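A.B. asks: Dropping the structure in here first, questions after.
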Ligand code: IDP
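Residue numbers (the UniProt record's numbering): 647 to 810.
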């Protein structure tokens, strides 16, 4: 099994991607092109405008950090574009395509990443991506509703039970 291509394909995952106010709507088409070129399926997509309360809930893991209030204010200041992306290993793959959090650093280390190409700095960085299965489920629920988040969960379990 020296060939990693097909022995153990990454399980299909869902992740939440957001195009943030600095890149939406101006860079939406470019970013969607990158997403499709990497083989993601966009299973749900919509423009959304976070209320302050939804932005607070979305970023609650950052409560108390020095940038929290600014982040919440900025993310609720204008419409954004929300997507649920799917493919094998989608969570890690989308964060890799997005690049490092700080767009200025990303331009040094990952110049073709989305944050390098379309983000501004350490706070306005073009896109968001869930960082784990748990946060993907939570964030998809916050943005698209908990019924929708629950409805896309079973395929992973179904795939593993079918294989056993
Ligand atoms: P991530 O988006 O790469 O997962 P997190 O550390 O979870 O990074 O931070 C969430 C968001 O908060 C970042 O994408 C960025 O917009 C903002 N942020 C993170 N760190 C800073 C900072 O030090 N100053 C200002 N904004 C920050």
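All C-beta atoms in this analysis are idealised placements derived from N, C-alpha and C, irrespective of residue type, glycine included. Owing to the predicted nature of the structure, the values given are computational and were not obtained by experimental measurement.
I'd like to check one pair, residue 797 with residue 737: are the Cβ atoms closer than 7 angstroms?
C.D. replies: To locate residue 737, count along the chain shown from 1; it is residue 91. To locate residue 797, count along the chain shown from 1; it is residue 151. Not closer than 7 angstroms, so no.
A.B. asks: What does the Cβ neighbour count give for residue 688, buried or exposed, with the cut at 16 atoms within 10 Å?
C.D. replies: Taking the chain shown and counting its residues from 1, the one referred to as residue 688 is at position 42. When all chains shown are included, residue 688 counts as exposed.
A.B. asks: Could you pull the start and end residues of the beta strand (DSSP E) that residue 701 belongs to?
C.D. replies: Taking the first residue of the chain shown as 1, we reach residue 701 at position 55. Run containing residue 701: none in the beta strand (DSSP E); it sits in the alpha helix (DSSP H), 698-704.
A.B. asks: Check whether the Cβ atoms of residue 788 and residue 704 sit closer than 7 angstroms, and answer yes or no.
C.D. replies: As a position in the chain shown, residue 788 is number 142, starting the count at 1. As a position in the chain shown, residue 704 is number 58, starting the count at 1. A contact, by the Cβ cut-off of 7 angstroms.
A.B. asks: Measuring CB to CB, does residue 727 end up less than 7 angstroms from residue 693?
C.D. replies: Within the chain shown, the letter at position 81 stands for residue 727. Within the chain shown, the letter at position 47 stands for residue 693. Yes, these two residues count as a Cβ contact at 7 angstroms.
A.B. asks: Run the proximity test for residue 779: is its beta-carbon closer than 6 angstroms to any non-hydrogen atom belonging to the ligand IDP?
C.D. replies: Residue numbering aside, residue 779 sits at position 133 when the chain shown is read from its first letter. No - the ligand IDP has no heavy atom lying nearer than 6 angstroms to the Cβ of residue 779.
A.B. asks: Relative to the C-alpha of residue 670, which residue among 720, 710 and 768 is closest?
C.D. replies: Taking the chain shown and counting its residues from 1, one reaches residue 670 at position 24. Comparing alpha-carbon positions, the option among 720, 710 and 768 lying closest to residue 670 turns out to be 720.
A.B. asks: Which first and last residues belong to the alpha helix (DSSP H) in which residue 811 is found?
C.D. replies: The structure shown does not extend to residue 811, since the chain is modelled only from 647 through 810, so no value can be given for it.
A.B. asks: Specify the secondary structure class of residue 718 as computed by DSSP and reduced to three states.
C.D. replies: As a position in the chain shown, residue 718 is number 72, starting the count at 1. Helix, per DSSP.
A.B. asks: Any idea if residue 661 is buried or exposed, counting beta-carbon neighbours within 10 angstroms, 16 or more meaning buried?
C.D. replies: Along the chain shown, read from residue 1 onward, the residue named residue 661 stands at position 15. Per the 10 Å Cβ criterion, buried.
A.B. asks: Does the Cβ of residue 723 lie closer than 6 angstroms to at least one heavy atom of the ligand IDP?
C.D. replies: On the chain shown, position 77 is the one that residue 723 refers to. No; taking the cut-off as 6 angstroms, the Cβ of residue 723 has no heavy atom of the ligand IDP nearer than that.
A.B. asks: Using a Cβ-Cβ cut-off of 8 angstroms (strictly less than) and excluding sequence neighbours within five positions of residue 769, which residues of its own chain qualify?
C.D. replies: Locating residue 769 in the chain shown gives position 123, where the first residue counts as 1. Only 713, 716, 717 and 720 meet the Cβ criterion.
A.B. asks: Would you mind sorting residue 791 into buried or exposed? The rule is 16 or more other CB atoms within 10 Å of its CB.
C.D. replies: Stepping through the chain shown from its first residue, residue 791 is reached at position 145. That one is exposed.
A.B. asks: Hey, could you find the ends of the alpha helix (DSSP H) residue 732 is sitting in?
C.D. replies: What you label residue 732 is simply residue 86 of the chain shown in a count that begins at 1. In the DSSP annotation of this structure, residue 732 is not part of any alpha helix (DSSP H); the continuous beta strand (DSSP E) holding it starts and ends at 726-734.
A.B. asks: Name, in chain order, the residues that DSSP records as bridge partners for residue 664.
C.D. replies: Start at 1 with the first residue of the chain shown, and residue 664 comes out as number 18. Its beta-bridge partners are 728 and 774.
A.B. asks: Mind checking who residue 693 pairs with in its DSSP beta bridge?
C.D. replies: As a first step, residue 693 is located in the chain shown; it is residue number 47 there, counting from the start. Residue 693 pairs with 727.
A.B. asks: As a quick exercise: from 733, 730 and 766, pick the residue whose alpha carbon is nearest that of residue 747.
C.D. replies: Position 101 of the chain shown, counted from the start, is the residue given in the question as residue 747. When each option's Cα is compared against that of residue 747, the closest is 766.
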